[in-house]
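*Asks:* Before I ask anything, here is the structure I am working with.
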Amino acid sequence: MKCADYDKIFKIMGNLTPLKVDCGQLCGGACCKGDSKTGMLLFPGEESPLTVIEGENGQRLAVCNGTCDRSSRPLSCRIFPFFPTISENGKIFVEPDLRAVRLCPLLEHSDEIEFDPKFFKAVKKVGKILARDEECRKFLENITEDIDEIGKFLE
Ligand code: SF4
Ligand code: SF4
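Each residue of the sequence shown is one higher than the last, beginning at 618 in our numbering.
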């Protein structure tokens with residue numbers, strides 16, 4: 618059963634990206650250079666036309682060969698390198714996904730970059746939709762914990 622309406626979620630994200638220009642030119646598309654053992658984490662109930670493998674802790678990961686049909690890329694790719702974190706009282710924030718801190722130059726130079734506010738509004742909206750579903754909310758909580766832990770380590 619679908620945990621959240623991913624068709625609706627993908628529609629909200631549309632073609633939005635953190636910048637109004639192609640950030641892949643900054644880094645040679647570093648986030649699309651995984652291999653057959655690394656992949657993008659799928660959200661609970663999210664389906665993908667890509668090959669899906671089981672990662673550590675039973676997570677489902679979508680793997681690609683570095684190219685994809687943008688209209689069918691996973692949600693993790695659409696919101697990268699940010700994440701809709703959730704507070705203890707259920708409030709959604711859009712924060713840098715510190716799991717990508719060593720990979721993505723957007724996080725390293727975030728103070729100097731002019732981001733597209735529409736992207737952040739969309740990620741927040743998506744976070745709110747996900748938080749309405751129990752399994753997805755738990756997923757947001759777990760990743761928020763991971764991001765917070767990395768944040769403490771980086772302080
Ligand atoms: S690693 Fe960051 S800057 Fe590079 S393409 Fe991915 S999101 Fe853009
Ligand atoms: S699915 Fe597409 S956007 Fe996501 S990592 Fe692969 S090539 Fe990049």
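Beta carbons are placed, not taken as given, at the ideal position from N, Cα and C, and that holds for glycine.
#1: Buried or exposed, going by whether 16 or more other CB atoms sit within 10 Å of the CB of Leu600?
#2: From Met618 to Asp763, what does the alpha carbon distance come to, in whole angstroms?
#3: Which residues mark the beginning and the end of the beta strand (DSSP E) in which Arg695 is found?
#4: Leaving out five residues before and five after Ala739 in sequence, what residues of the same chain have Cβ atoms less than 8 Å from its Cβ?
#5: Count the CB pairs spanning the stretch 721-735 and the stretch 749-763 that are closer than 8 Å, and state whether there are at least three.
#6: So the beta strand (DSSP E) Val711 belongs to, where does it begin and stop?
#7: Mind listing, in chain order, the continuous alpha helix (DSSP H) runs of no fewer than 4 residues lying wholly within the stretch 624-675?
#8: Count the other C-beta atoms from every protein chain shown that fall within 10 angstroms of the C-beta of Val638, then say buried if there are 16 or more, exposed otherwise.
#9: In chain order, what residues have a CB nearer than 5 Å to some heavy atom of ligand 2?
#10: I'd like to know whether the C-beta atoms of Pro722 and Leu658 end up nearer to each other than 8 Å.
#11: Rounded to whole angstroms, what's the CA-CA distance from Cys640 to Phe697? Just pull it up for me.
#12: For Cys681, which residues from the same chain have a beta carbon less than 6 Å from its beta carbon, with the 5 sequence-adjacent residues on both sides left out?
*Replies:* Reading from the atomic positions:
#1: The chain is shown from 618 up to 772; residue 600 falls before or after that span and cannot be answered.
#2: For Met618, the predicted structure reports a pLDDT of 49, less than 50, and the residue's modelled location is therefore unreliable. A value from the coordinates is still provided. Taking the straight line joining both Cα atoms gives about 26 Å.
#3: Run containing Arg695: none in the beta strand (DSSP E); it sits in the alpha helix (DSSP H), Leu692 to Ile696.
#4: Ile629, Met630, Gly631 and Leu633
#5: no
#6: Ile709 to Pro713
#7: 641-644
#8: exposed
#9: Cys649, Cys681, Cys685, Arg690 and Cys694
#10: no
#11: 11 Å
#12: Leu667
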